[in-house]
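Protein chains in written order, with my numbering: chain S, -2 to 210; chain W, 976 to 1259.
Quick reminder that beta carbons are idealized off the backbone N, C-alpha and C, glycines included.
Since the model is a prediction, treat every value here as computed from it, not as a measurement.
Right under this line is the structure:
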């Protein structure tokens, strides 16, 4: 098990890091994808503290009607943090591509969704003159549990040195709602085979990992 | 006398801006009656320089920016971290700390131990120093160290053997490990070393560190002063900037050496003979 952390101290360090890097780049606005899961929730809370809620734009980017409970949790969190937020359905751009590849595996579809979310974030980032904040944690980065040029694409990645278990400690400290803290980790790329809060089961339990292909 | 430690975040690669910051902090420290102001490692340049090293390197004897800074030390002393390139060593760049007293550079220490592992790349860009040399300054006999030098206890030993009253370490130490205690785990490592060195050397140990972030790395701050015998007398906050001012009395050095006798009973010649034998054996 990774060591437990002093979450208040880690918060102080990460908030200072975000402020420093934004100041160095001469940017005020941070953008991030808010999935309704744990990592992006912690990231949004850190960004709101570091930059001020009005300088954070959270994009909620569901694929069609998938995972409505995650969308609901993401919206509730965005309101609670007081950050700017928008919901953008990525189904049209994903479906347009796969119309020509109807037999594509769900891994391909999942990676494509992650990259479409990236393209939306970066498009909006240029409009806002902001920086995209990555939400990957150290566990994911170490084992390659992410989509290259998808959810791994960012300008700054404040939680890249926190293991998943430590992100969970941060979530408690930052008062992320229990509905989000209790979720099973998922990439939100496709529905779970059976039950679950949505999406594939956590790492090391079941399911395929998306890979940087 | 008073020792001030300027704990701040230098701007990477911006020597002019950092000189201005040093001048401001010197003026503030002067107002607080400081006799010695200690700035962090590479305070004039920032730490993660890589290929910028050669562009920010300067000759302290000639560089007008450095001379301007030196001139501002009239009536007091300062330790300043910078990249040195001297005419005698053209094309070689040293991670250096200068001791400036009353407008004049009286000593330059070139960092001997260049960390080059993990996130550290110093030996790729810097030449290593070859010497630890204590010297007499208006504030007492001083031994300078730069960051990693301090973690090699032979370095402090040499200053102890040379009779240093003050062992001054300037650092750009990142913080790692957030397991608890509202501090980085690495900060406790430096403090442990400070405590131990002040105990065994019966000297004051002055440790300056920077704050701020560079390329995802957070510098830990937490500057401190230990009085002889392992007594911590001041500590700056972790992570946040500060201008720490701490009264220091060299009578404490005398008192510690009278009491503990490590200095009186030290036998550098025995250490020297042993080291010579070890070094010779390693060459065979």
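Paired residues, beta bridge with residue i - DSSP
{"i": "residue 1082/W", "result": "1074/W"}
{"i": "residue 982/W", "result": "1217/W"}
{"i": "residue 1194/W", "result": "1149/W"}
{"i": "residue 1111/W", "result": "1116/W"}
{"i": "residue 28/S", "result": "54/S and 129/S"}
{"i": "residue 1142/W", "result": "1118/W and 1180/W"}
{"i": "residue 977/W", "result": "1222/W"}
{"i": "residue 1172/W", "result": "Answer by DSSP bridge pairing: none, since residue 1172/W is not bridged."}
{"i": "residue 1033/W", "result": "1059/W"}
{"i": "residue 1189/W", "result": "1192/W"}
{"i": "residue 1200/W", "result": "1181/W and 1209/W"}
{"i": "residue 1053/W", "result": "1012/W and 1075/W"}
{"i": "residue 1069/W", "result": "1059/W"}
Nonlocal neighbours in the same chain, by C-beta distance under 8 Å from residue i, ignoring five residues either side
{"i": "residue 1298/W", "result": "Nothing can be reported for residue 1298/W: it is not among the residues displayed for chain W, which extend from 976 to 1259."}
{"i": "residue 157/S", "result": "131, 133, 134, 135 and 138"}
{"i": "residue 79/S", "result": "45, 50 and 51"}
{"i": "residue 68/S", "result": "33, 57, 59 and 84"}
{"i": "residue 1010/W", "result": "976, 977, 978, 1051, 1052, 1113 and 1114"}
{"i": "residue 1242/W", "result": "none"}
{"i": "residue 31/S", "result": "37, 38, 41, 55, 56, 57, 71, 74, 75 and 82"}
{"i": "residue 1213/W", "result": "1150, 1157, 1158, 1159, 1162, 1195, 1196 and 1197"}
{"i": "residue -1/S", "result": "160, 162 and 163"}
Rounded straight-line distance, which links the Cα of residue j to that of residue i
{"i": "residue 129/S", "j": "residue 151/S", "result": "5 Å"}
{"i": "residue 37/S", "j": "residue 1055/W", "result": "42 Å"}
{"i": "residue 1065/W", "j": "residue 1034/W", "result": "10 Å"}
{"i": "residue 1046/W", "j": "residue 1026/W", "result": "30 Å"}
{"i": "residue 1177/W", "j": "residue 1203/W", "result": "4 Å"}
{"i": "residue 164/S", "j": "residue 1234/W", "result": "51 Å"}
{"i": "residue 1052/W", "j": "residue 1228/W", "result": "20 Å"}
{"i": "residue 1094/W", "j": "residue 1021/W", "result": "15 Å"}
{"i": "residue 1133/W", "j": "residue 992/W", "result": "35 Å"}
{"i": "residue 1014/W", "j": "residue 996/W", "result": "11 Å"}
{"i": "residue 1080/W", "j": "residue 6/S", "result": "39 Å"}
{"i": "residue 1225/W", "j": "residue 1140/W", "result": "7 Å"}
{"i": "residue 1125/W", "j": "residue 1144/W", "result": "7 Å"}
{"i": "residue 1219/W", "j": "residue 24/S", "result": "31 Å"}
{"i": "residue 114/S", "j": "residue 170/S", "result": "28 Å"}
{"i": "residue 1253/W", "j": "residue 1170/W", "result": "28 Å"}
{"i": "residue 159/S", "j": "residue 1232/W", "result": "46 Å"}
{"i": "residue 989/W", "j": "residue 1019/W", "result": "8 Å"}
{"i": "residue 182/S", "j": "residue 162/S", "result": "11 Å"}
{"i": "residue 174/S", "j": "residue 89/S", "result": "31 Å"}
{"i": "residue 1188/W", "j": "residue 1071/W", "result": "21 Å"}
{"i": "residue 122/S", "j": "residue 28/S", "result": "7 Å"}
{"i": "residue 1085/W", "j": "residue 119/S", "result": "45 Å"}
{"i": "residue 1016/W", "j": "residue 1259/W", "result": "37 Å"}
{"i": "residue 107/S", "j": "residue 91/S", "result": "10 Å"}
{"i": "residue 1024/W", "j": "residue 1223/W", "result": "34 Å"}
{"i": "residue 1172/W", "j": "residue 1137/W", "result": "14 Å"}
Other residues of its chain near residue i: CB distance less than 6 Å, five sequence neighbours each side excluded
{"i": "residue 84/S", "result": "57"}
{"i": "residue 73/S", "result": "none"}
{"i": "residue 1048/W", "result": "1075 and 1078"}
{"i": "residue 47/S", "result": "12, 15 and 16"}
{"i": "residue 143/S", "result": "133, 137 and 149"}
{"i": "residue 4/S", "result": "166, 167 and 170"}
Cutoff 7 Å; reference residue i; Cβ partners in own chain excluding five residues on either side
{"i": "residue 14/S", "result": "155"}
{"i": "residue 202/S", "result": "For residue 202/S, the pLDDT reaches just 35, beneath the cut-off of 50, and the residue's location in the model is therefore unreliable, although a value from the coordinates is still provided. So the list is empty, once near-sequence residues are dropped."}
{"i": "residue 1255/W", "result": "none"}
{"i": "residue 26/S", "result": "52, 54, 125, 126 and 127"}
{"i": "residue 1090/W", "result": "1097 and 1123"}
{"i": "residue 986/W", "result": "992, 993 and 1021"}
{"i": "residue 1005/W", "result": "1051"}
{"i": "residue 1237/W", "result": "1175 and 1177"}
List, from N- to C-terminal side, the beta strand (DSSP E) runs of 3 residues or more that fit wholly inside the stretch 52 to 128 of chain S.
53 to 57 and 81 to 84
Where the stretch 5 to 20 of chain S meets chain W: residues whose CB sits under 8 Å from a CB there:
5, 6, 7, 9, 10, 13, 14, 17 and 18
Positions along the stretch 1135 to 1163 of chain W whose CB lies within less than 9 Å of some CB in chain S:
1150, 1151, 1152, 1153, 1154, 1155, 1156, 1157, 1158, 1159 and 1160
Beta carbons nearer than 8 Å to chain S: which residues of the stretch 1184 to 1198 of chain W have them?
1187, 1188, 1191 and 1193
At a CB distance below 7 Å, what residues from the stretch 1216 to 1231 of chain W approach chain S? Give them in sequence order.
none
Short-range partners of chain W found in the stretch 123 to 150 of chain S, where Cβ spacing is below 8 Å:
none
If the cut-off is 8 Å on Cβ atoms, which residues from the stretch 990 to 1009 of chain W count as contacting chain S, listed in chain order?
If the cut-off is 8 Å between Cβ atoms, the stretch 990 to 1009 of chain W has nothing near chain S.
Can you list, in chain order, the residues of the stretch 1049 to 1062 of chain W whose Cβ is nearer than 9 Å to any Cβ on chain S?
Of all residues in the stretch 1049 to 1062 of chain W, none comes within less than 9 Å of chain S when Cβ atoms are compared.
Runs of alpha helix (DSSP H) wholly within the stretch 125 to 171 of chain S (minimum 4 residues, chain order):
135 to 140 and 161 to 170
By the 8 Å beta-carbon criterion, what residues does the stretch 70 to 98 of chain S contribute toward chain W?
none
For the stretch 1019 to 1036 of chain W, enumerate the residues whose C-beta is nearer than 7 Å to any C-beta of chain S, in chain order.
none
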